[in-house]
Amino acid sequence: NAGVTQTPKFRILKIGQSMTLQCTQDMNHNYMYWYRQDPGMGLKLIYYSVGAGITDKGEVPNGYNVSRSTTEDFPLRLELAAPSQTSVYFCASSSQGPYEEQYFGPGTRLTVT
Amino acid sequence: AQSVAQPEDQVNVAEGNPLTVKCTYSVSGNPYLFWYVQYPNRGLQFLLKYITGDNLVKGSYGFEAEFNKSQTSFHLKKPSALVSDSALYFCAVRDRSNDYKLSFGAGTTVTVRA
C-alpha cells in the first residue's frame, strides 16, 4: 500500500511553460485535494474532487486546472507558468466524511524562473 | 468562514520538558479539529483529531490535545518532548457544515534541544 504518490519530486519551469503534476492514491478514497505550501503561509487549497468526474475550486485556483477521470488519479495542470506559482505542491486524499483525516503525498517542489 | 491561528512561529524546549503548541480557531458552527506534523522534505502526517465527546484527545507519538470551546482553542501537548519531535506542526479546522474544505494555520516550528 503506497498511499499517495506524487511525481515529479522537483521541477524547474521557465515562465510561460506548462506542466502536469501527477497524483495517485491506492486507498480507494473518494476525496482528493491539491494544496500549495508557501513559507509561513500554511497550506492553501487549490482544487478538490469528491469523486471521479467531479471537481471544484478551492481558495487559490487561478492558473491551475484539474481533472479526475478515475478514483485513483488527480493530476494538476499548470498552464503558462508564472513566478508566483513557485511553491511546494501537495496532493492529499481522504475517505468520505468531513471528520476523516487526509493523507498527504511527499510533495513536488516547483520553481518558475 | 473558518480560520485557524497559530500564534507562535517557533517553540523551543529542552528534551524531557513539556511541549505545548497553541492553536485557536474560528468557525460559524461546530468544528472538527486536526493536528498534523511535517518533517523536513516530507508530506504532512496526521497526529490526532477532535470530532465530539471527550475534550482531551490522544493521538500518535504520545501527543494529546485539549478542545476548549469557550476559548476556541485546541492546543497540542506532549508531557515529555523528544529531540525527534522537532518538526513543523499544523493545526487545521473544518466547520461541520463544510464537507470538504480544511483550513490550515501557518504552522509552528518546534525545536527540541538535547
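Here the protein sequences come in this chain order: Y and A. Just so you know, we're using the numbering used here here: the first sequence kicks off at 544 and counts up by one. Just so you know, we're using the numbering used here here: the second sequence kicks off at -19 and counts up by one. Ideal placement from N, C-alpha and C gives every residue a C-beta, glycine not left out.
The shortest CA-to-CA distance from Ala94 (chain A) to any of A:Lys57, A:Thr88 and A:Ala61 is the one to A:Ala61.
Looking only at A:Gln51, A:Ser40, A:Tyr19 and A:Asn78, the smallest Cα-Cα distance to Tyr69 (chain A) is reached by A:Tyr19.
With a contact defined as Cβ atoms closer than 8 Å, Met584 (chain Y) and Ala86 (chain A) qualify at about 6 Å. Taking 8 Å as the CB threshold, Lys57 (chain A) stays off the interface with chain Y. Nearest to Gln(-18) (chain A) by C-alpha distance, out of Y:Lys557, Y:Glu602 and Y:Glu643, is Y:Glu602. With a threshold of 16 other beta carbon atoms within 10 Å, Ala545 (chain Y) falls short and is exposed. Remark: fewer than three beta-carbon pairs, one from each stretch, lie closer than 8 Å, so the stretch 590 to 609 of chain Y and the stretch -18 to -1 of chain A are not flagged as touching. In this structure, the beta-carbon distance from Cys634 (chain Y) to Tyr574 (chain Y) does not fall below 8 Å. Residue pairing of Ser630 (chain Y) in beta bridges, as defined by DSSP: Y:Leu653. Between Val(-9) (chain A) and Thr88 (chain A), the C-beta spacing is below 8 Å.
The beta-carbon of Phe43 (chain A) is placed no less than 8 Å from the nearest beta-carbon of chain Y.
Neighbours of Phe633 (chain Y) across chain A, judged by C-beta separation under 9 Å: Gly23 and Leu24. In the structure shown, Asp65 (chain A) adopts helical secondary structure according to DSSP, grouped into three states.
Around Tyr30 (chain A), the same chain offers Leu13, Val37 and Phe47 as residues with beta carbons nearer than 6 Å, after the five sequence neighbours per side are excluded. Bounds of the beta strand (DSSP E) holding Tyr576 (chain Y) are Tyr574 to Gln580. Residue range Ser(-17) to Ala(-15) is occupied by the beta strand (DSSP E) that includes Ser(-17) (chain A).
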